[in-house]
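Chemist:
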Amino acid sequence: QSALTQPASVSGSPGQSITISCTGTSSDVGDYNYVSWYQQRPGKAPKLMIHDVSNRPSGVSNRFSGSKSGNTASLTISGLQAEDEADYYCTSYASSSTYVFGTGTKVTVL
Amino acid sequence: QVQLVQSGAEVKKPGASVKVSCKASGYTFIDYYIHWVRQAPGQGLDWMGWINPNTGGTNYAQKFQGRVTMTRDTSISTAYLELSRLRSDDTAVFYCAKVGSSWYEFDYWGQGTLVTV
C-alpha cells in the first residue's frame with residue numbers, strides 16, 4: 002500500500018486561505034468516504050481535525066474544512082493564523098480493513 | 012476524560028524485541044479498536060495495524076507482518092504492541108490511538124513511546 006501523496010509544504014499569510022491536497026487511488030480515497038486529517042505540532046501526538054471527508058470534531062475551529070473529488074481529498078484552512086503552523090497528515094481507509102497515511106504537509110504561516 | 016497513556020522510552024539492540032503498552036481510561040476499553048502508528052525521526056506517520064480489544068482480533072499492515080504482534084489485557088484496559096527482530100530503521104516514536112464513534116478516525120492518541128535501536 003503506497004502512501005497518499007501530499008505536497009511537502011504549503012505556506013500562506015495570516016488571514017489567507019490555503020488548501021492541502023491528498024491524492025490516493027480508487028482503492029482508498031476514491032473508494033471510501035473515510036478520509037481523516039490530523040494536525041501534528043513538533044514533539045506532540047497528532048490531533049484529529051476532520052473525519053469522514055468533511056466532518057469536524059467538537060472543539061475544532063470551523064476555519065478547517067474538508068472535501069473530496071475522485072481520488073483526491075483536500076483540507077482547507079481559512080483565515081490562516083500563526084497557531085495553524087504545523088504538519089498535516091491525511092489518512093484513508095483502504096481495502097482489507099487497512100489504512101494508509103499521506104506523506105505529510107508542512108504548513109508555514111508567513 | 013479519555014486518556015491513552017503509553018509506557019516509557021526504550022533502547023534496544025538490533026535483533027531484539029520491544030513491547031510497548033497503551034493504558035486506556037475514561038471510556039469502555041472493549042468498545043473501540045486501538046491502532047498503532049510508527050513515526051521515524053523527521054518522517055511521516057506509518058500505519059501498523061489494529062486490535063479489536065473485545066475479541067483480540069488483529070489486522071496488520073503488510074510491511075510489518077511477521078514481526079508485529081498486537082495484544083490486549085482487558086482486565087487492565089491495556090493494549091500492547093510487540094515488534095521483533097528490530098533493525099536500526101525501526102528507531103521511531105510509536106503511537107497508539109483509539110477509533111472514534113464513526114469508526115474510521117483516530118480521535119484520541121497516546122503521548123508516544125520512543126524506541127531507539
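As you go down the protein sequences, you meet chains A and B in turn. Count along the first sequence starting at 1, add 1, and that's the number in our numbering. Count along the second sequence starting at 1, add 11, and that's the number in our numbering. Just so it is clear, CB atoms sit at the ideal spot from N, CA and C, and this is done for glycine as well.
1. Am I right that B:W47 and B:C107 are in contact with their C-beta atoms under 8 Å? What's the rounded C-beta distance?
2. Grouping DSSP H, G and I as helix and E and B as strand, with all else coil, what is A:Q41?
3. If you compare alpha carbons, which of A:S70, A:T73, A:I51 and A:S96 is closest to A:N63?
4. What's the C-alpha gap between B:T85 and B:Y119?
5. Do you know how far the Cα of A:D88 is from the Cα of A:S68?
6. Identify the residues that DSSP records as bridge partners of A:F102: which are they?
7. Please identify the residue among B:D101, B:Y91 and B:G67 whose C-alpha is closest to the C-alpha of B:F75.
8. In terms of alpha-carbon separation, which member of A:Y35, A:I21, A:I78 and A:E86 lies closest to A:V101?
9. Is the separation between the beta-carbon of A:I21 and that of A:Q7 shorter than 8 Å?
10. Output the boundary residues of the beta strand (DSSP E) element that contains A:I51.
11. Look at the alpha carbon of B:V29 and the alpha carbon of A:Y33, and state the distance between them as a whole number of angstroms.
12. Please look up how many angstroms separate the CB atoms of B:D91 and B:T82, rounded, as I've assumed it's under 8 Å.
13. Decide if the stretch 14 to 21 of chain B is in contact with the stretch 31 to 38 of chain B; the criterion is three or more beta carbon pairs, one per stretch, under 8 Å apart.
14. Would you tell me roughly how many angstroms separate the C-alpha atoms of A:G80 and A:S59, rounded to the nearest one?
15. Does DSSP put A:D29 in a helix, a strand or coil?
16. Determine the direct distance from the alpha carbon of A:P15 to that of A:K48, and round the result to whole angstroms.
Modeler: Reading it off the structure:
1. 6 Å
2. strand
3. A:I51
4. 18 Å
5. 19 Å
6. A:T92
7. B:D101
8. A:Y35
9. yes
10. K48 to I51
11. 34 Å
12. The residue asked about is misnamed: residue 91 of chain B is Tyr in this sequence, not Asp. About 5 Å; that satisfies the 8 Å criterion.
13. yes
14. 19 Å
15. coil
16. 22 Å
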